[in-house]
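What follows is one structure encoded as structure tokens, with my remarks underneath.
Numbering (the working numbering), first residue to last: 17 to 188.
Written out as structure tokens, the structure is:
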């Protein structure tokens, strides 16, 4: 288990000049993460989960905030200025084997296209590299041009496409 999660805190400035703290998720983030999920547009939900799903329950989100950081790593983004939401992004990887992991990310609609997703993924990849992860993959809907752009920008390469879903791999 990781002792000092604060070492992974990072402040970033977005394209619009706003500042955001990217930090590891905490068990007490469940209510704020649930609030973010309830504000996502149907398109954003579909792009993240590949289906329209019923709203999250607090129990589901509590599982997402009570994690074993040796098996997965999760970051949340919190704006440093006063906003209606305390959490505006969630990025995580799930270790598949000792050196490979699947990445997933969602950014709240009002905060998209400002560089937050790119910053969160880059930070997550750097943390994983430190922990021995050498291969990442991400599944993206083939018509999600923004996420495909972010993946390519970070060095991911298209590995496969099937049934409207593209897999991008990054080997460090």
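For each residue, glycine too, the CB sits at the ideal point set by N, CA and C. All values reported here derive from a predicted model rather than from experimental measurement.
Per DSSP, which one or two residues make a beta bridge with residue i?
| i | result |
| --- | --- |
| residue 88 | 110 |
| residue 69 | Beta-bridge pairing links residue 69 to no other residue. |
| residue 29 | 35 |
| residue 184 | 154 and 174 |
| residue 60 | In DSSP, residue 60 forms no bridge with anything. |
| residue 94 | 37 |
| residue 121 | 107 |
What is the DSSP secondary structure of residue i, reduced to helix, strand or coil?
| i | result |
| --- | --- |
| residue 115 | coil |
| residue 143 | helix |
| residue 102 | coil |
| residue 77 | helix |
| residue 45 | helix |
| residue 54 | helix |
| residue 164 | helix |
| residue 23 | helix |
| residue 128 | coil |
| residue 189 | Residue 189 is absent from the structure shown; the chain starts at 17 and stops at 188. |
Using CA atoms only, rank isn't needed, just tell me which of the options is closest to residue i.
| i | options | result |
| --- | --- | --- |
| residue 184 | 166, 169, 170 and 154 | 154 |
| residue 117 | 126, 106, 175 and 87 | 87 |
| residue 108 | 89, 168 and 187 | 89 |
| residue 137 | 161, 112, 168 and 56 | 168 |
| residue 129 | 187, 91, 105 and 55 | 105 |
| residue 45 | 77, 26 and 113 | 77 |
Distance, Cα to Cα, residue i vs residue j?
| i | j | result |
| --- | --- | --- |
| residue 39 | residue 20 | 12 Å |
| residue 131 | residue 33 | 11 Å |
| residue 165 | residue 36 | 22 Å |
| residue 161 | residue 110 | 23 Å |
| residue 60 | residue 158 | 14 Å |
### Query
Is the stretch 64-74 in contact with the stretch 88-100, if contact means three or more CB pairs nearer than 8 Å?
Taking 8 Å as the limit for Cβ pairs, the verdict is that the stretch 88-100 does not touch the stretch 64-74.
#### Entry: the stretch 50-57 / the stretch 137-156 touching (three or more Cβ pairs under 8 Å)
Because the criterion of three Cβ pairs below 8 Å is not met, the stretch 50-57 and the stretch 137-156 do not touch.
### Query
Any chance the stretch 77-87 sits against the stretch 115-135, with 3 or more Cβ pairs inside 8 Å?
No, because fewer than three Cβ pairs between the stretch 77-87 and the stretch 115-135 fall closer than 8 Å, the two stretches do not touch.
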